[in-house]
Amino acid sequence: MAQSTPFRAAVEAGDLAALEALFTEDVRLYSPVKFRPFEGREMVLGLFGVLLRTFEDFHYVGELEGAARTNADDETAPAEALLFRTVVDGKQVHGMDLLQFDEDGKIKEFTVMVRPQSAAQAVQQAVYAGLVEAGLAPTPAQA
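Residue numbers (the UniProt record's numbering): 1 to 143.
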């Protein structure tokens, strides 16, 4: 679990500068908020800024480590799952962050899953509003 320790510590401390050093330049974050991934360090850090402001009482409750298949040739890379709990707009959210690392130990792919559906909808609405406020997503009138 040594690879996620800096990530977990940075998230729990709300330290965006520390997070920046942990992502590859071309990191992809797959989110329940939208179909296409957030791509690139700058966009992913912008999203994390919104998440850190949106999630209340965010805390990790478990970790799992292993490997994940990275391509059709069955190559694998180190991977970890971090289980979390938080509150968004009064809704209890259970979630999991799935992290895949590159050969240098940086996070190259990140997938977030949340449940239940009502919490996922609350997360989607709150995060979208935060992205619009931060200038990272178009307003509904612009979309």
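Note that beta-carbon positions come from the ideal geometry of N, C-alpha and C, so glycine has one too.
Residue i classed as buried or exposed, judged by whether at least 16 other C-beta atoms fall within 10 angstroms
| i | result |
| --- | --- |
| Ser-118 | exposed |
| Glu-80 | buried |
| Gly-135 | exposed |
| Ala-126 | buried |
| Phe-35 | exposed |
| Met-1 | Only weak support exists for where Met-1 lies, its pLDDT of 44 falling under 50; the value from the coordinates is given anyway. That one is exposed. |
Among the options, nearest to residue i - alpha-carbon criterion
| i | options | result |
| --- | --- | --- |
| Ser-31 | Ile-107, Thr-111, Val-93, Gln-92 | Thr-111 |
| Val-27 | Gly-14, Ala-81, Leu-45, Lys-34 | Leu-45 |
| Val-93 | Ala-126, Phe-38, Asp-73, Pro-116 | Pro-116 |
| Ala-77 | Glu-39, Gly-105, Phe-23 | Gly-105 |
| residue 201 | Leu-29, Glu-42, Phe-7 | This structure leaves residue 201 out entirely; the chain is present only between 1 and 143. |
| Glu-42 | Gln-100, Glu-25, Thr-5 | Glu-25 |
Distance between beta carbons of residue j and residue i, contact taken as under 8 Å
| i | j | result |
| --- | --- | --- |
| Phe-48 | Leu-16 | 6 Å |
| Val-61 | Val-123 | That pair is no contact at about 17 Å. |
| Phe-38 | Leu-22 | Not really, about 15 Å apart at Cβ, beyond 8 Å. |
| Gly-14 | Leu-52 | 5 Å |
Cβ shell of residue i (< 8 Å), same chain only, five flanking positions each side left out
| i | result |
| --- | --- |
| His-59 | Glu-12, Phe-84, Arg-85, Thr-86 |
| Val-88 | Thr-54, Phe-55, Glu-56, Ala-119, Ala-122, Val-123, Ala-126 |
| Glu-75 | Arg-69 |
| residue 214 | Absent from the structure is residue 214, since the part of the chain shown begins at 1 and ends at 143. |
| Leu-40 | Reading off the sequence shown, one finds Gly at residue 40, where the question assumed Leu. Closer than 8 Å at Cβ, skipping near neighbours: Glu-25, Asp-26, Val-27. |
Same chain, Cβ closer than 6 Å to residue i, neighbours up to 5 away in sequence not counted
| i | result |
| --- | --- |
| Leu-96 | First, the amino acid is wrong: residue 96 is Met here, not Leu. Cβ within range, chain order: Ala-81, Leu-83, Met-113. |
| Ala-10 | Ala-18, Leu-19 |
| Pro-138 | none |
| Gly-131 | The identity of residue 131 in the sequence shown is Leu, whereas the question assumes Gly. Val-50, Ala-137. |
| Leu-64 | Ala-81 |
| Leu-98 | Ala-81, Thr-111 |
Same chain, Cβ closer than 7 Å to residue i, neighbours up to 5 away in sequence not counted
| i | result |
| --- | --- |
| Gly-66 | Ala-79 |
| Tyr-128 | Val-33, Ala-137 |
**Request:** Any chance you could list the beta strand (DSSP E) runs of at least 3 consecutive residues sitting entirely within the UniProt domain "SnoaL-like" (7-109), in chain order?
**Result:** 23-30, 56-69, 76-88, 91-101
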